[in-house]
């Protein structure tokens, strides 16, 4: 049953690459170009998983573990992760699938990610993690979920959420330009389906959770730093992810070794470090929390995702929006026919 | 006399292709063309989607090789 | 490198990946939900008369209707209500007397049942095991048996002949606090806390891992196979572990014991008392989430 990790990873990596699914881009595009296409893809993936996992768990066919709420750790870790992913030009899964496509920058980001995780988990920053994780918030002895907090059946939260998401989608316009990859609907559904499959396969292999990157990457990097490698479901998932995105890029003609200039490489590495420390502190990344954790309505994941959004938007504003605004103010002279601020 | 500017952002990391394209477009006037050379699939989606939203015309998208494109945009 | 261009190649890969994914998910679903093979501790049907049946419920419930020919041993009568040992088992001599009065002997096959919620039957089963009697619990209790068409009777059977055979108490199975403390210090046993999670977090025996008794015997029935594996693996409990099971009271521990035995664990030790007595016995206590014995990593790791 362990091998299923490899299979799910392959499908995951393929769907990520083909669907150009990157939570970083999804969050950032809303700010940068006022476009929510990728955000919709992400919301669709969460919605599909919400539906599937709630149904399976409700029927008693799937044991569900909920990521815990450590308020301080979730907030600080989330913000750090958000900063990191904008710097690195990709979130955790985005970075991994881009390694499969051949981006050198993302490879450096991945290395930074792993190093960051290890430093926070057992290196110099470990005391910080311990301190921020000590106040563990529980509700009724279990990790808090939204339905648990409200004291209602999960479906009473899931169904309204699905309706809201459906209305949002229905009111969105259509992009007339069709890209070379899958459109947002296919990407969202594919990721959602992979997520549900991951829950089933992983739980049957003794790891009662769904898709996540932080723990598996930790296993690999700890081994790299002189530990022993445990070949568990998670570690196989990462191998599959890299292989799947490589396969997708190969088969669709998008495989290419691309090396950015030095300053960008440094930026990617630094971003990776931020991502790693943040993800380890918060107990999850944009996959572990913002995709899988949200599918079980974990409060800890909601806090983490909000914090990631905050960190990402602040960084994107500082790096990209503010320079644009300043540039617009200085280059606009009265009488210029150029439409100022058009399409910003 | 319409300008024509070429922007080569091949090898750049996300989101610099989009950012640079946006920046250069602001420096141009109505009717000018911006030729963007990219080698990253996500940038292809991003740049064209942005251009559409902003009202610019996507004149052409040409595949130059494995994962390499030339996008020609005309300022609105 | 050769590049497979065009739609047909990609399509084939996508179809193959989808098929593999569905297979993985399907296998996962089936694996999670296959029934626990549990012949050692639990039986799903019983024909009264073929084996000795014992009703573990209270006297009133027993008199109103029981499996035909069932003998009666109220689980509560096995508990101690004196002072420090409240919530735990009565003395070994008192227990032996109860078992002897029941008329069962070591080696005899017995089936124990209760209403179906799994609070009384596991305790009686546990005590019978401690005296070498091969007892098994009826899954789902009287409820389940009725649902399969059983007709309870209210005829009281003849009082059984007390068994003449001497009963030896297995004190490796049911341990006292002091003994447990000694074995823990030697590292021979691994403490397993089966109380509700909030109690565990407040305070537990140092080094104890946690699985709630409720999760181990949900609603009085055995969980499905890998649902159990999914609960036990994070706690690093395998067939080779020698767990020392303790609960808020001995009934809680008995519930957990039954499932663990059904799962195939052989080296089980159950604490015969209630949690407060562990404290007074001076066992080392802690609040920290535990470092698991076989792992070098620190705790709190599943939510990655």
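Protein chains in written order, with my numbering: chain A, 6 to 349; chain B, -16 to 59; chain C, 107 to 410.
Yeah, the Cβ is synthetic: ideal placement off N, Cα and C, and Gly gets one too.
If you're wondering where the values come from, they're calculated on a predicted model, not measured in any experiment.
Look at residue 90 of chain A here: in three-state DSSP terms it is helix. Here the C-alpha atom of residue 343 of chain C lies approximately 29 Å from the C-alpha atom of residue 57 of chain A. The Cβ of residue 152 of chain A sits no closer than 8 Å to any Cβ of chain C. Residues are counted here when their Cβ sits less than 7 Å from a Cβ of chain C; for the region 58 to 71 of chain A these are 66, 67, 68 and 70, given in chain order. Among the residues facing chain B, residue 273 of chain A is included, as its CB has a counterpart in that chain under 8 Å away.
Rounded to the nearest angstrom, the gap between the Cα atoms of residue 207 of chain A and residue 7 of chain A is 8 Å. Separation of residue 29 of chain A and residue 8 of chain B (C-alpha to C-alpha, rounded to the nearest whole angstrom) is 24 Å. Using a Cβ-Cβ distance cut-off of 8 Å, the region 168 to 179 of chain A and the region 26 to 40 of chain A are not in contact, since fewer than three pairs of beta carbons, one from each stretch, lie closer than that value. Under the Cβ distance rule, residue 275 of chain C does not count among the residues neighbouring chain A, no pair being separated by less than 8 Å. Around the C-beta of residue 277 of chain C, fewer than 16 other C-beta atoms lie within 10 Å, and the residue is accordingly described as exposed. Out of A/135, A/251 and A/246, the CA that lies nearest to the CA of residue 17 of chain A is found in A/246. When beta bridges are read from the DSSP output, residue 363 of chain C appears opposite no residue. Your pair residue 234 of chain C and residue 281 of chain C does not check out as a contact, with CB atoms roughly 17 Å apart and the cut at 8 Å. Boundaries for residue 244 of chain C: no alpha helix (DSSP H) harbours it, while the beta strand (DSSP E) harbouring it runs 240 to 244, taken from the DSSP string. Under the 8 Å criterion on CB atoms, residue 172 of chain A is classed as non-interfacial with respect to chain C. Take residue 315 of chain A, set aside five residues on each side of it, and the residues of its chain with a beta-carbon closer than 8 Å to its own are 83, 84 and 87, in chain order.
Under the 8 Å Cβ criterion, the region 35 to 42 of chain A does not count as touching the region 256 to 276 of chain A, having fewer than three qualifying pairs. Under the three-pair Cβ rule at 8 Å, the region 161 to 170 of chain C does not count as touching the region 345 to 362 of chain C.
The three-state secondary structure of residue 59 of chain A, taken from DSSP, is helix.
For residue 294 of chain A, the secondary structure class from DSSP, reduced to helix, strand or coil, is helix.
The beta carbon of residue 32 of chain B falls within 8 Å of a beta carbon belonging to chain A, placing the residue at that interface. Assigned with DSSP and collapsed to three states, residue 234 of chain A falls in coil, not helix or strand.
Look at residue 48 of chain B here: in three-state DSSP terms it is strand. In this structure, A/80 is the residue among A/218, A/80, A/320 and A/10 with its C-alpha nearest to the C-alpha of residue 306 of chain A. Under the Cβ criterion (8 Å, minimum of three pairs), the region 333 to 352 of chain C does not count as touching the region 120 to 132 of chain C. When only Cα atoms are considered, residue 272 of chain A and residue 50 of chain A end up about 29 Å apart. Cβ neighbours of residue 95 of chain A within its own chain (closer than 7 Å, five residues either side excluded): 27, 29, 103, 111 and 114. At least one beta carbon of chain B lies nearer than 8 Å to the beta carbon of residue 261 of chain A. 123, 124, 126, 127, 128, 129, 130, 131, 132, 133, 134, 135, 136, 137, 138 and 139: these are the residues of the region 123 to 139 of chain C whose beta carbon lies less than 9 Å from some beta carbon of chain A, given in chain order. Residue 254 of chain C and residue 152 of chain C have their C-alpha atoms some 11 Å from each other.
Around residue 325 of chain A, the beta-carbon contacts reaching into chain B at under 8 Å are -2 and 2.
Judged by DSSP in its simplified three-state form, residue 28 of chain A adopts helix. When C/162, C/238 and C/387 are compared, the shortest CA-CA separation from residue 213 of chain C is found for C/238. When only Cα atoms are considered, residue 293 of chain A and residue 200 of chain A end up about 11 Å apart. Apart from sequence neighbours up to five positions away, the residues of its chain that approach residue 10 of chain A with a beta-carbon distance below 6 Å are 238, 241 and 242, ordered along the chain. For residue 232 of chain C, same chain residues with a beta-carbon under 6 Å away, outside a window of 5 residues either side, are 360 and 363 in chain order.
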